[in-house]
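In terms of my numbering, the sequence shown is residues 24 to 738. Where is the CB? At the ideal position from N, CA and C, for every residue including glycine.
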Amino acid sequence: MKTAIDKTMPSSAEGMGRVDGRLKVTGAAKYSAEYTPAGLTYGVLVGSTITKGSITAIDTKAASKAPGVLAIITHLNAPKVPGDQPGKDNKAGDKGALKVFYDDKICYNGQPVAIVIADTFERAQFAASLVKAEYKAEKHMTNLPDNKDKGFAPRGEGGYKRGTEDAWKTAPFKLEQEYIVPTVTHNPMELHAIIARWDADDKLSVWDKTQGVKDTQQDLARLFKLPVQNVQVHSQFVGGAFGSALRTWPHEVAAILAAKVAKRPVKVVLSRADMFTSVGYRPFTWQKMGIGATADGKLTGITHEAAGQTSTYEDFTEGPTGVSQNLYACPNVNTKYNIVPLDIATPTWMRGPGEATGSFALESALDELSYQLKIDPVELRVRNYAEKDPDSGKPFSSKFLKEAYELGANHIGWKNRKAEPGLVKENGWYVGYGMGSGMFGAYRDRATIKAVMKADGTLLLQSAVSDIGPGTGTAMVLIAAEQMKLPAEKIRFELGDSSLPNAPTQGGSATTASVGSAVYKACADLKEKFQKLVGNGGTDNPDYPKILKEHNLASLDVTTETDGGNGMQTYAMNSWSVHFVKVLVNAATGVVKIDKVACVADCGRIISPKTARSQVIGGAIGGLGMALMEESVIDHRYGSYINNNFADYHVPVNADIPQIDALFVNKPDPVINPMGAKGMAEIALIGMAAAVANAVYNASGKRVRELPITPDKVM
Ligand code: MOS
């Protein structure tokens, strides 16, 4: 598994492109579905057409006689997954991941009830259409707003209280409002896909879309009761993942079972429609904010309630109320978070999980309050600026959010914003400005790097980490180039394979901080090893090939592990962001056009400016999609999604997106790691939806509290 260096990339840090950019744009990069192991066969899943109940009969006769069909698996003939504990089932009270083909129970519409394996994809798909299941349907429940009071506080997520409960109620300026974030589905360009191959009865190889090859390896070893080293996971290129590939899903287990039964490698690629039921989503969440302030804009109380959906068989939790606990210096805060089991598949994390949802409510409510108070929204935030962590009282490792406010306000032309909504109309369009802020924990985890200096003066770095899109290989090469004083072209970073040294799953915006720390330390260790060889004659800029030659060495290597650091003991560590948008709202139709966007991130030192900019733009577009168009709609009569395709599920396209300017405070965090780099993935999205809603109000006077902000809601 090699990530080749693009020889044409400029080597100055400022302009350096992705080390794998050429491979990606020429199609040479191979994604999980693109491997062709000998004897490859194709698996197609058959989904339940009811939403809740049980399978009473399943007829596979016609399908098994169809051309090219090798095997069909249902709950009636599926081999046991040894890690699915006997005696455990999908019933409430015994919760966990859906056990595929385990029993006759149906927990959601589209749940796999069979997999058909054939010698070509088309034949498998045709045969799958011939599988006929009969069901006993029970009354289902898929509607969150109607059932929001039927939830419970998930374990470890009880209520939060600081100071006095419901203090906002006695404030001279206050409001109470409800906000809705609908289900938003993971739709990365690359569909989820897996190829599973059994190399022996106890040896498994998979080419799998995953954000963490090591976690997937562990998980599959546990499920199939295999020694960990007997499971190989390859995921060299990932065509976008925003949380959907953080865990193992039923289609992966189904493919592995299929390969076992067919005794051939099996490929399963989800269809776009399957993506809506198979790999999680941002859960539909109802929120209620109570917020109060004094006349001079000092927050006196925040009450934040949230109810988010989960499945009946598994408790999914995220932290939508966390932002209300931590973003502002408010003495009295109480929050309550419930999850509501519905007859749907389990949700999962999606970029800025919890915070993206919570910040829509908090940052909208704060904006609403600013109009009551007649205080500029930026000024209102500055008046409630948290100089230390409001919850723990710990100092921040770094926080330059005020600088970010200033940078963004200047960039968008905030001074042109009118304090009264609906005042500026140009050519039939109302013009308005809005802003919203975001925060996300700055994490760092254990990671190992093997660094090998070769006789030709090239440096090889190895790590199991995935690159789901941010340009991890590029950032790691830049860290090593600076440390080793080598041109980037001489450095190669291998990733995405479970046989490589340990790395955390790419998630939680922590990769640069975690794996980057290991790269940094491995380079220092390797340099030291060279300096020891040279003795007193060592310099800070060693001629590595010359030293190797003089000592008759073909190469010199180190394997270095770094831990998660201990900053969290003393400091509260977060990345911060603010989004400013200028919107146009059509006075006749309610159509919202984004005119200008400025996103400012305080995420420590920027390691790789070009990919950092790209990552912020990507996150901003995700936020604009959430604000204006993304919504997975269930027809509750049937419990199934009705817009599970790209014609009906709208994501932003080029025509929807103006120039987005990514700005960075670019001040190193002195605590998190030697590079001073904090995470930026999640904060690029968190706060954006509120910024748009706030701009729409400033333009038109219409407050939309239910995403997405479609024309019907603006009119
Ligand atoms: Mo991210 S939601 O940790 O992929």
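- For the set A503, P632, I362 and L482, the Cα lying nearest the Cα of G181 is the one of I362.
- Nearest in C-alpha terms to S598, of all of G590, N357, T208 and C626, is C626.
- In the DSSP assignment, Y65 falls within the beta strand (DSSP E) that extends over T64 to G70.
- Comparing alpha carbon positions, the residue from F149, L322 and G174 closest to A352 is L322.
- Listed in chain order, the non-local C-beta contacts of K283 below 7 Å within the same chain comprise P102 and W221, local neighbours out to five positions each way being set aside.
- Nearest to T59 by C-alpha distance, out of R287, V136 and A223, is R287.
- At a Cβ-Cβ threshold of 8 Å, I138 and V229 do not count as neighbours.
- Closest option to N253, judged by alpha-carbon separation, among Y453, G263 and D242: D242.
- The way I'd put it, the segment 405 to 417 doesn't touch the segment 362 to 372; fewer than three beta-carbon pairs between them come closer than 8 Å.
- Scanning its chain for C-beta atoms nearer than 8 Å, with the 5 sequence neighbours on each side dropped, one finds around D563 the residues K508, in chain order.
- For I695, the closest of G50, A595, T582 and I96 by C-alpha to C-alpha distance is A595.
- Taking the C-beta atoms as reference points, S537 is found no nearer than 8 Å to L518.
- Here N357 is bridged, per DSSP, to K184 and T326.
- Boundaries of the alpha helix (DSSP H) harbouring C546: T534 to V557, taken from the DSSP string.
- Secondary structure note for T497: it is in no beta strand (DSSP E), and the uninterrupted alpha helix (DSSP H) holding it is T495 to M507.
- D580 sits in a strand when the DSSP states are folded into three classes.
- Looking at the DSSP output, Y664 shares a beta bridge with I657.
- G315 is bridged by DSSP to K197 and G324.
- If the five residues before and after P734 are omitted, its C-beta is found closer than 6 Å to the C-beta atoms of T612, G613 and V614, all from its own chain and listed in chain order.
- For K441, the secondary structure class from DSSP, reduced to helix, strand or coil, is coil.
- By the neighbour-count definition (other C-beta atoms within 10 Å, threshold 16), E551 is an exposed residue.
- With a cut-off of 8 Å on Cβ pairs, the segment 320 to 338 is not in contact with the segment 39 to 53, counting fewer than three such pairs.
- When the Cα atoms are used, L99 and F124 turn out to be separated by approximately 8 Å.
- Within the same chain, and ignoring the five residues on either side of V737 in sequence, the residues whose Cβ sits closer than 7 Å to its Cβ are V608, G613, V615, V719, S723, K725 and V727.
- In this structure, DSSP gives A285 a helical state, which the three-state scheme calls helix.
- Spanning the alpha carbons of G133 and E705 requires a straight line of approximately 30 Å.
- Per the coordinates, the alpha-carbon of A296 lies some 59 Å from the alpha-carbon of K555.
- For Q148, no beta strand (DSSP E) segment is defined; the enclosing uninterrupted segment is the alpha helix (DSSP H) at F144 to L153.
- By the criterion of a C-beta distance shorter than 7 Å, A384 is surrounded in its chain by Y202, Q310, M312 and H327, once the five residues flanking it on both sides are discounted.
- Nearest Cα to Q148 within the set S540, P90, D172 and T187: P90.
- Restricting attention to Y453, S420 and R404, the CA atom closest to the CA of E429 is found in R404.
- Within 7 Å of the C-beta of R245 there is not a single heavy atom belonging to the ligand MOS.
- Here E402 carries a helix assignment [DSSP, helix/strand/coil].
- When secondary structure is reduced to three states using DSSP, A277 falls in the helix class.
- The beta carbons of D238 and T634 sit no closer together than 8 Å.
- For P376, the Cβ falls inside the 7 Å cut-off from some heavy atom of the ligand MOS.
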